[in-house]
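Protein chains in written order, with the numbering used here: chain H, 646 to 738; chain L, 6 to 480; chain C, 4 to 473.
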């Protein structure tokens with residue numbers, strides 16, 4: 646867990662760590678990873694990973710439109726919007 | 006130095022379900038911005054996805070039609086990245102276990118047939134739309150499209166040139182429209198594709214580094230973009246550099262591809278199984294029902310038209326290649342005994358009109374019943390072929406009933422021989438010079454007499470009868 | 004009290020708000036729902052209802068979306084968020100007649116074991132000036148322990164109902180994963196989160212659980228199993244029933260007092276007729292590292308939606324999109340949340356996925372298997388809930404792992420999806436402590452049965468900081 650790794654995962658997570666906290670965070674992360682490393686002592690070959698504790702399958706829905714027009718309510722709770730769109734700073738492709 | 010091109014296509018087809026892949030939001034195109042956004046589509050805190058089973062059925066139809074392996078147990082993964090039109094900050098997709106694996110499609114390019122294998126086809130949700138040009142310094146986000154089901158179809162890198170790529174895209178489009186799983190409307194973005202292009206020296210086993218050309222949605226641009234990119238890569242390598250693995254956008258105005266601005270780190274999508282979605286199982290019974298409900302596919306139609314209806318190969322190919330043409334042909338043929346004549350007119354006069362107006366047959370004023378009637382009236386000699394052309398044009402403009410037009414305009418063919426004989430005699434008697442010339446050996450003048458009789462009858466004489474009668478009189 | 008007409012519904016609600024005011028130093032609430040609550044109470048007075056929880060004032064953890072009532076999840080990034088819909092659990096409780104008094108304070112995004120990470124300040128334990136109430140459902144636990152409300156909703160991902168219940172001296176139940184719908188619950192770790200009741204007694208928990216549980220088609224992880232009436236099994240005899248005592252528990256690392264309290268409870272159950280059976284959960288010690296891979300991984304993805312684009316807070320004047328994301332999230336999230344998101348991104352990233360995330364999910368299956376095997380021999384399993392009683396704020400120091408080890412006993416039930424409860428079983432230096440009862444899949448009834456019978460014979464659950472309540 647070096648500085649470069651922290652920078653990479655910070656960017657992936659869109660988080661910026663303040664310079665004064667950088668060292669502590671890097672140490673914290675390193676300790677946590679060391680802590681969870683003990684999992685590697687266990688032999689788990691041939692064990693199927695468990696993603697959800699329910700060993701069952703999903704129910705599906707029928708193909709019908711059930712949603713109302715929520716435009717007004719949704720745009721209202723947005724931090725920045727006009728009557729038609731959510732707004733963000735201009736994106737350049 | 007000969008270069009070989011290796012191309013693979015990733016086609017995104019919007020499945021024509023009424024509601025979204027994981028919510029009850031409507032998928033209807035063209036709605037006012039942000040009016041088809043369900044709480045789930047918004048990615049509000051606390052919302053959860055529920056899978057739309059029709060999307061699975063549609064995906065399976067594709068799998069069955071391409072001879073693929075169907076995974077009856079589907080699971081979903083999250084693809085994590087940040088973008089304004091991706092509300093949850095992740096896309097629900099199928100990375101590890103796609104619903105469709107393998108399969109193949111036949112394509113026709115450069116007069117030869119080739120089979121392109123499909124690696125996989127999987128379900129995933131579409132993102133919303135970012136609108137960049139409306140506001141100064143800002144981008145607007147419309148989430149109507151967010152959550153629409155997509156079938157991502159990935160081909161093996163077996164395509165060798167731009168023409169094959171277009172042929173493959175066309176073949177996929179034809180198939181999904183025939184299967185009624187996607188409306189194939191390129192202008193509306195129902196089908197988009199990413200193209201992976203790389204080059205290698207002929208004979209080299211190893212593939213070259215590929216560039217991904219993103220989001221192209223017209224046949225013309227696919228061809229141009231690929232050709233530009235091949236040239237570009239050749240130039241790069243010949244100048245001593247190497248091709249960079251990257252995403253590129255095609256600029257149709259400048260006819261060039263250019264690198265997309267994206268940071269390297271941004272490409273780690275951190276896929277992992279979506280913990281909110283338990284696996285979806287399609288039962289054997291459902292699978293059987295889907296199999297039985299598959300519509301007749303173009304190739305089957307073509308064979309049937311040739312062997313059962315007796316069409317010739319080129320007509321059969323043309324009519325079976327378009328769902329709407331095939332529908333028109335089959336329905337119109339139920340209204341008349343002469344299916345072959347239906348085909349002839351469909352491929353001939355009707356197609357000419359379609360091209361002139363640049364519309365699809367479904368958008369025209371010609372209904373199958375009316376078309377069938379028109380052909381029947383030719384077949385039963387009510388009207389001549391020539392008259393029928395003008396009737397067709399009338400129908401094309403107004404959509405009026407064939408029989409009404411024929412009646413109102415008095416277009417019924419003159420069948421009565423005695424009337425024709427009288428008119429023919431009159432024509433012959435009024436043109437003694439031409440008769441002399443004809444009898445003197447100028448055989449071509451025969452058509453003059455035919456023309457005169459047709460003129461006298463305003464085109465309503467049965468041409469065959471006119472020929473026979475004139476032959477009798479003149480010889 | 005209400006049914007005996009000692010006090011009207013409206014007066015009761017007014018009394019609750021008075022108590023909230025008098026106990027504002029506890030900082031148990033973030034948002035109050037006064038007007039709406041008084042109206043609803045008045046309505047009950049004018050039109051008496053026979054719904055099971057009619058007029059009962061309940062505090063709702065601020066992790067549940069409540070329509071038109073601010074929902075913050077204890078975070079700055081949501082401090083202005085007004086949801087346009089309510090969680091199924093809220094709807095269920097309100098349909099049963101509950102009056103949602105307000106939203107309780109909690110660790111930010113449910114990440115914490117002491118309620119010290121909330122943007123809205125620490126919650127205090129009524130049992131002591133500077134004591135933590137536990138977390139993340141610290142506000143709910145504190146409000147009940149202080150006698151402000153008789154019950155509250157909580158959520159439990161690694162122990163967030165049970166641990167505060169233990170530290171505050173109340174009873175709290177995490178049901179089987181899937182019993183209670185997660186629709187409207189702001190997600191922390193989707194495969195671990197579960198909502199549950201918190202109250203003074205197991206009996207009250209049963210009453211609440213009856214209403215909270217439902218099969219919800221909007222949540223595909225919601226169980227479609229028969230929901231029993233949880234009150235039915237309360238008074239069954241414990242004779243011949245088997246309690247699993249975990250051999251692999253590292254009791255030696257705990258305070259003597261804690262072990263003594265625990266062993267005394269076991270004796271109490273034996274006197275009620277139950278038998279103690281030694282069982283082994285060999286992979287139990289791996290539950291904390293497993294959890295601290297799985298939960299951060301899921302949360303790093305679940306929290307990506309907080310990006311300042313569609314709802315919640317946005318940073319001021321970002322110069323471009325990148326700045327919008329980075330500033331909004333960096334300003335809006337506290338340190339613990341950031342730490343967990345970073346760990347989560349790390350364990351999911353290319354190159355580390357197999358070694359960490361996949362590995363943890365495999366160990367998770369082993370842990371679940373251990374329980375499956377153990378439950379073939381016993382009806383319930385008992386452990387202490389926490390390593391000790393409530394600790395001083397700030398005493399866990401700056402090492403996050405110290406805090407993580409607080410969840411040592413509770414985490415495994417979340418990993419396996421099993422129901423588990425904490426009930427008060429002792430008092431150490433005038434601080435309460437709890438016993439954990441873990442049940443088999445779908446067997447909340449056995450847990451409630453054991454707990455209730457214990458509570459008929461003991462009165463630890465009746466202790467308040469002021470003394471024993473009647």
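Just so it is clear, CB atoms sit at the ideal spot from N, CA and C, and this is done for glycine as well.
Residues of the same chain with a CB within less than 8 Å of the CB of residue 85(C), apart from the 5 flanking positions on each side, are 71, 72, 73, 74 in chain order.
Listed in chain order, the non-local C-beta contacts of residue 103(L) below 6 Å within the same chain comprise 125, 127, local neighbours out to five positions each way being set aside. Put simply, the backbone Cα of residue 197(L) is about 31 Å away from that of residue 288(L). Residue 158(C) carries a strand assignment under DSSP once its states are collapsed to helix, strand and coil.
Closer than 8 Å to the CB of residue 708(H) there is at least one CB belonging to chain L. Residue 108(C) places its beta carbon less than 8 Å from that of residue 32(C). Put simply, the segment 37–53 of chain L does not touch the segment 75–83 of chain L. Fewer than three CB pairs are less than 8 Å apart.
Note that the segment 162–173 of chain C touches the segment 130–138 of chain C; at least 3 beta-carbon pairs, one per stretch, sit closer than 8 Å.
At a Cβ-Cβ threshold of 8 Å, residue 101(C) and residue 61(C) count as neighbours. Secondary structure at residue 246(C): strand, using DSSP grouped into helix, strand and coil. With a cut-off of 8 Å on Cβ pairs, the segment 330–338 of chain L is in contact with the segment 358–373 of chain L, counting three or more such pairs. Cβ neighbours of residue 377(C) within its own chain (closer than 7 Å, five residues either side excluded): 247, 282, 284, 384.
Judged by DSSP in its simplified three-state form, residue 197(C) adopts strand. Under the 8 Å criterion on CB atoms, residue 128(L) is classed as non-interfacial with respect to chain C. Residues of the segment 191–204 of chain C with a C-beta atom less than 9 Å from some C-beta of chain H are 193, 194, 195, listed in chain order. Partner residues in the beta bridge of residue 19(L), as assigned by DSSP, are 155(L). Remark: C-beta atoms of residue 711(H) and residue 364(C) do not approach each other more closely than 8 Å. Nearest to residue 225(C) by alpha-carbon distance, out of 736(H), 675(H), 725(H), 702(H), is 702(H).
Counting other Cβ atoms within 10 Å of its Cβ, residue 312(L) stays below 16 and is therefore classed as exposed.
For residue 285(C), not one C-beta of chain H is nearer than 8 Å to its own C-beta. Across the structure, residue 69(L) and residue 410(L) are spaced so that their CA atoms are roughly 47 Å apart. By the CB criterion at 8 Å, residue 66(C) and residue 315(C) fall outside the cutoff.
Look at residue 154(L): its C-beta is not under 8 Å from any C-beta on chain C.
As far as DSSP is concerned, residue 669(H) takes part in no beta bridge. At a cut-off of 8 Å between beta carbons, residue 134(C) makes no contact with chain H.
In chain order, 454, 458, 471, 474, 475, 478 place their CB closer than 8 Å to the CB of residue 429(L), counting only its own chain and leaving out the 5 sequence neighbours on each side. According to the DSSP assignment, residue 6(L) belongs to no alpha helix (DSSP H), since it is labelled neither H nor E. About 7 Å separates the beta carbon of residue 339(C) from that of residue 111(C), a gap short enough to meet the 8 Å contact definition. In this structure, the straight-line span from the alpha carbon of residue 397(L) to that of residue 403(L) is close to 10 Å. Per the C-alpha coordinates, the member of 51(C), 443(C), 430(C) positioned closest to residue 470(C) is 430(C). Taking a Cβ-Cβ threshold of 7 Å, none of the residues of chain L is close to residue 215(C); the smallest such distance is about 16 Å.
Rounded to whole angstroms, the separation of the alpha carbons of residue 97(C) and residue 222(C) is 19 Å. Look at the segment 225–313 of chain C and you find these whole runs of beta strand (DSSP E), each 3 residues long or longer: 245–249, 278–282. With distances taken between CA atoms, residue 77(C) lies nearest to 63(C) out of 87(C), 63(C), 89(C), 90(C). Not one beta carbon of chain C lies nearer than 8 Å to the beta carbon of residue 652(H).
Below the 7 Å Cβ cutoff, chain H contributes 659 as neighbours of residue 87(L), in chain order.
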